[in-house]
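Following this note's numbering, the numbering of the sequence shown begins with 1 at its first residue and continues without gaps.
Quick reminder that beta carbons are idealized off the backbone N, C-alpha and C, glycines included.
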Amino acid sequence: MDLSSTIKTPHFSKCGDLSFSSSFPSFSLQIPLKKPQPLFRHRRILAVSAMDSQELPKTSPQRLLKELAERKKVISPKRKAPPRKYILKPPLDDAKLAQRFLDSPQMSLKQFPLLSSCLPSSKLNNADKTWIDEYLLEVKQALGYPLEPSDNLGDDNPAKQFDTLLYLAFQHPYYVSCPRVNARHVKHGHARLMFLGQYVLELALCEFFLQRYPRESPGPMRERVFALIGKRYLPKWIKAASLHNLVFPFDDIDKLRRHEREPASKSVFWALFGAIYLCYGMPEVYRVLFEVFGMDPEDEDCQPKKRRQLEDVDYVSAEFDGRKLSWQDVATYRPPEDALFAHPRVFRACVPPGMHRFRGNIWDFDSKPQVMRTLGYPLRMNDRLPEITEARNIELGLGLQLCFLHPSKHKFEHPRFCLERLEYLGQKIQDLVMAERLLMKHLDAPGKWLEEKHRRVLMNKFCGKYLREKFLHRFIIYSDQVQDAYEHNRKLRNPATQSVCQAIHGLSYAVYGKPDVRRLMFEVFDFEQIQPKPV
1 MDLSSTIKTP HFSKCGDLSF SSSFPSFSLQ IPLKKPQPLF RHRRILAVSA
51 MDSQELPKTS PQRLLKELAE RKKVISPKRK APPRKYILKP PLDDAKLAQR
101 FLDSPQMSLK QFPLLSSCLP SSKLNNADKT WIDEYLLEVK QALGYPLEPS
151 DNLGDDNPAK QFDTLLYLAF QHPYYVSCPR VNARHVKHGH ARLMFLGQYV
201 LELALCEFFL QRYPRESPGP MRERVFALIG KRYLPKWIKA ASLHNLVFPF
251 DDIDKLRRHE REPASKSVFW ALFGAIYLCY GMPEVYRVLF EVFGMDPEDE
301 DCQPKKRRQL EDVDYVSAEF DGRKLSWQDV ATYRPPEDAL FAHPRVFRAC
351 VPPGMHRFRG NIWDFDSKPQ VMRTLGYPLR MNDRLPEITE ARNIELGLGL
401 QLCFLHPSKH KFEHPRFCLE RLEYLGQKIQ DLVMAERLLM KHLDAPGKWL
451 EEKHRRVLMN KFCGKYLREK FLHRFIIYSD QVQDAYEHNR KLRNPATQSV
501 CQAIHGLSYA VYGKPDVRRL MFEVFDFEQI QPKPV
């Protein structure tokens, strides 16, 4: 029996009895009426919804729909706000920015621009001064410096800033959650010192080994350098100088794993020598390396691997013959007043005396004048006697010929009659000059950005490109067997032209000093590509 048929809705019955009469029989008015709904329909729904979902089978559609509805009600948690250091701030206006730079210690030393560029970007705060008061005396005692504050020195002495730079050198970024180290002026100051210090160390050991081993090729010398200042050996030197408690104040260096102790040791070691170089120069770098840290170039671990050596039948300069120079000889050497070169001993170590046999050959008459004209040589010097100028120009010409002498020409008969030793020196002085340039040019840049910029400017293909733009690659002296290959294969040509470019920088440093290397890099070859180009 249908229960819905017995239930009559009054509203529905009234609407169903309505009828209209019209004088227009062709048009009928129709009113759509709702169909009757069963009264207990809602009761059935309520009964189903009231059922416990646990009683429903797992595959029931009602159960699945209910679980889906409950999941949609769950509100995802709010995202955390980003740290304040990542929130962008409006840029400073010109007046505030100018005042910030004027108040910075980096603008305080006009007579020492490189030293000034490595000072912190703002004055040291109380937390920095607390560390200086507690630990700086221990650092100075370990390094062999007087314990008096360096601020007592005169303004014309670069060592006046030594306490500040020494503090920055030990604030490596591997401290565990230390707000003092994470401060901007400390973090960037340490990174900039570290950026400079690595190239200072490379140049110092390059000059030392070039003079100590005048017959050796650069390959074994690079191995000796790595055995002294390679990253894996630096924790040993830090501990030998009793500085490990300052580098790792909360840990035992012997219990740390390799990847935990090496980065911090390298960071402090490089930054320390950046500070020493800025305040005391290269002689003090040698003293700290060999006296404080106790490095021994004759140690068994520092010897290069055995290799087949070419017989060297040529002479060496008289000051190298029969003895090995010590680090004291290199550090205390001062050229005489009438010296031909800025670094006479380095020149003699790189340009063998036997190069005089090439004097007057075809390259000397045909190519040397064009090369010297392009490079702006010879430079005007205030010599006491004209004979000194003439002798320097002769040696400069022989050195230039050596810079263009590819190893394929004479190396197997005369191992030192090639550009390799000058190239090794030029690579290191080129790195240091570019690092100093970037530090003075970008006062606000962190060390990591400077490192990337340095690497991109001095990429090998670019160094060779600068030389080829001056059309100097035409004067490289190859052997007849490989000349066609090197001139037409860019994979051979580009490294060869890069080597010549670096050798020219090495010769420039030995003859005229670091200012001439800057002139060649930024005026002649235009490494930064900022000079106006001829139309």
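In terms of residue numbering, what span does the alpha helix (DSSP H) encompassing residue i cover?
| i | result |
| --- | --- |
| Leu56 | That residue, Leu56, is in no alpha helix (DSSP H); it is neither H nor E in DSSP. |
| Met459 | Here Met459 belongs to no alpha helix (DSSP H), and DSSP marks it neither H nor E. |
| Ala339 | That residue, Ala339, is in no alpha helix (DSSP H); it is neither H nor E in DSSP. |
| Tyr512 | 490-512 |
| Glu319 | Glu319 -> no alpha helix (DSSP H), and no H or E assigned at all. |
| Ser267 | 258-280 |
| Lys129 | 126-143 |
| Tyr424 | 420-441 |
| Gln370 | 368-375 |
| Arg100 | 94-103 |
| Ser117 | 113-117 |
| Met194 | 184-212 |
| Ala169 | 162-169 |
| Ser408 | 407-410 |
| Ala81 | From DSSP, Ala81 is part of no alpha helix (DSSP H); its letter is neither H nor E. |
| Cys350 | 344-350 |
| Gln309 | Careful: Gln309 lies outside any alpha helix (DSSP H) and carries neither H nor E. |
| Gln328 | 327-332 |
| Ile530 | Unbroken run through Ile530: none, as it is neither H nor E. |
| Ile388 | 386-403 |
Tell me which residues share the same chain as residue i and place their Cβ nearer than 6 Å to its Cβ, disregarding the 5 neighbours each side in the sequence.
| i | result |
| --- | --- |
| Met221 | Phe209 |
| Glu202 | Lys428 |
| Gly506 | Leu422, Leu425, Gly426 |
| Leu325 | Gln211, Arg212 |
| Phe112 | Pro158 |
Please check the pair residue i and residue j, which I expect to be a contact at CB under 8 Å, by giving their CB distance rounded to whole angstroms.
| i | j | result |
| --- | --- | --- |
| Leu439 | Cys118 | 6 Å |
| Ala264 | Tyr174 | 4 Å |
| Phe269 | Gly447 | About 14 Å; that fails the 8 Å criterion. |
| Leu560 | Met295 | An answer regarding residue 560 cannot be provided, because it is not within the stretch 1 to 535 covered by the chain. |
| Cys403 | Gly464 | About 14 Å separates the two Cβ atoms, so there is no contact after all. |
| Arg215 | Arg416 | 7 Å |
| Tyr277 | Val200 | 4 Å |
| Glu526 | Tyr466 | Inspection of the sequence shows that residue 526 is occupied by Asp rather than by Glu. At roughly 7 Å, the Cβ-Cβ gap stays under 8 Å, so Asp526 and Tyr466 are in contact. |
| Arg192 | Val186 | So it is not a contact: roughly 11 Å between Cβ atoms. |
| Leu124 | Thr164 | 7 Å |
| Ala275 | Phe162 | 7 Å |
| Lys461 | Asn489 | With 8 Å as the limit, Lys461 and Asn489 do not qualify as a contact, their Cβ atoms being about 14 Å apart. |
| Leu400 | Val371 | 6 Å |
| Leu272 | Gly197 | 7 Å |
| Leu143 | Val285 | In fact, because the Cβ distance is near 12 Å, the residues do not count as touching under 8 Å. |
Report buried or exposed for residue i, applying the criterion of at least 16 other Cβ atoms within 10 angstroms of its Cβ.
| i | result |
| --- | --- |
| Thr130 | exposed |
| Asp151 | exposed |
| Met1 | Note that Met1 scores 43 on pLDDT, short of 50, meaning its location in the model is unreliable; the coordinates nonetheless yield the value given after this. By the neighbour-count rule (16 or more Cβ atoms within 10 Å), Met1 is not buried but exposed. |
| Arg373 | exposed |
| Arg258 | exposed |
| Gln106 | buried |
| Phe412 | exposed |
| Thr497 | buried |
| Met434 | buried |
| Ser267 | buried |
| Arg261 | buried |
| Tyr145 | buried |
| His244 | buried |
| Pro61 | exposed |
| Gly322 | exposed |
| Arg392 | buried |
| Pro235 | buried |
| Ile504 | buried |
| Pro532 | exposed |
| Met521 | buried |
Give me, in chain order, the residues of the same chain whose beta-carbon lies closer than 8 Å to that of residue i; leave out the 5 immediate sequence neighbours on both sides.
| i | result |
| --- | --- |
| Val346 | Glu207, Leu210, Gln211, Leu425, Tyr509, Ala510 |
| Lys409 | Phe417, Cys418, Ile477, Tyr478, Ser479 |
| Arg458 | Going by the sequence as given, residue 458 is Leu instead of Arg. Gln430, Asp431, Met434, Phe527, listed in sequence order. |
| Gln141 | Leu147 |
Near residue i, what residues of its chain come up, given a Cβ to Cβ distance below 7 Å and the 5 sequence neighbours on each side ignored?
| i | result |
| --- | --- |
| Phe293 | Trp237, Ala240, Ala241 |
| Lys453 | Leu438 |
| Pro149 | Asp163 |
| Tyr280 | Ala159 |
contact_flag[the region 294-305, the region 244-252] where n(CB pairs < 8 Å) is 3 or more = no
Quick check: the region 330-337 against the region 359-372, are there 3 or more CB pairs under 8 Å?
-> no
Taking one C-beta from the region 311-324 and one from the region 481-494 each time, how about it: are there three or more such pairs within less than 8 Å?
-> no
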